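Worksheet: one structure, shown below.
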Amino acid sequence: MHRHTHKELAGKLKAAMAAFEANRVAYVEEERLPCEIDQLELGSLQDYKDLLYECIQIALDDPVTCFQPPAQKSTRHQLTQGLPMWGFEVTGCEAFPTKRIYFKFSLKETKTGQYYCHVSCHESTKDPKKT
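All you need for the working numbering is the position in the sequence shown, starting with 1, plus 1150.
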């Protein structure tokens, strides 16, 4: 199994952050957003976006430890088909200081720049003793 380096993972997170800052965010499965927002007990899409951005920032502090490869290597969705997915698990979010939050995304290069293609964000279901 390929072990990703700190430089590689930090590069993916920095690219994700830059895309967020440039408002180049796409939601792969937009129909799932209301359910995820509800499950996280957030009040709005903006709260959800703020959480995603904060998760990226936290993961940047220690990308190798936070990296949790998704079970699937890529989505079958037309927007991100064939693109690798990147998954990270973080703790210490302002809204959830003790919960472990898992998020995954792909990065897509377009004529207008690189996009953060959001796949999912939810409370982690992994047993922390087995990671």
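From the three backbone atoms N, C-alpha and C, an ideal C-beta is built for every residue, glycine too.
Note that this is a predicted model, so its numbers are computed, not measured.
Enclosing beta strand (DSSP E) for residue i [first to last residue]
| i | result |
| --- | --- |
| Ala-1176 | 1175 to 1177 |
| Thr-1215 | Here Thr-1215 belongs to no beta strand (DSSP E); instead the alpha helix (DSSP H) covers 1213 to 1216. |
Closer than 7 angstroms to chain B by CB, residue i
| i | result |
| --- | --- |
| Glu-1186 | Protein chains in the displayed structure number just one, and chain B is not present. |
Beta bridge counterpart(s) of residue i as assigned by DSSP
| i | result |
| --- | --- |
| Tyr-1266 | Val-1175 and Leu-1257 |
| Glu-1273 | Ile-1251 |
Local Cβ density within 10 Å of residue i, reported as buried at 16 or more and exposed below that
| i | result |
| --- | --- |
| Lys-1280 | Confidence in Lys-1280 is poor, its pLDDT being 48 and thus under 50, which makes the residue's placement too unreliable to answer from. |
| Cys-1267 | buried |
| Leu-1257 | buried |
| Glu-1191 | exposed |
| Cys-1216 | buried |
| Thr-1275 | exposed |
Contact belief for residue i with residue j at Cβ below 8 angstroms, rounded distance in angstroms
| i | j | result |
| --- | --- | --- |
| Val-1178 | Ala-1169 | The pair is not a contact, with the Cβ atoms about 14 angstroms apart (cut-off 8 angstroms). |
| Lys-1162 | Trp-1236 | 5 angstroms |
| Val-1269 | Lys-1254 | 5 angstroms |
| Cys-1243 | Cys-1185 | Not confirmed; about 19 angstroms, so no contact. |
| Ala-1160 | Pro-1213 | 5 angstroms |
N- and C-terminal bounds of the alpha helix (DSSP H) containing residue i
| i | result |
| --- | --- |
| Glu-1186 | 1183 to 1189 |
**Prompt:** Can you give, in chain order, each stretch of the alpha helix (DSSP H) that sits fully within the segment 1200 to 1255 and has at least 4 residues?
**Reply:** Complete alpha helix (DSSP H) runs here, min 4: 1213 to 1216.
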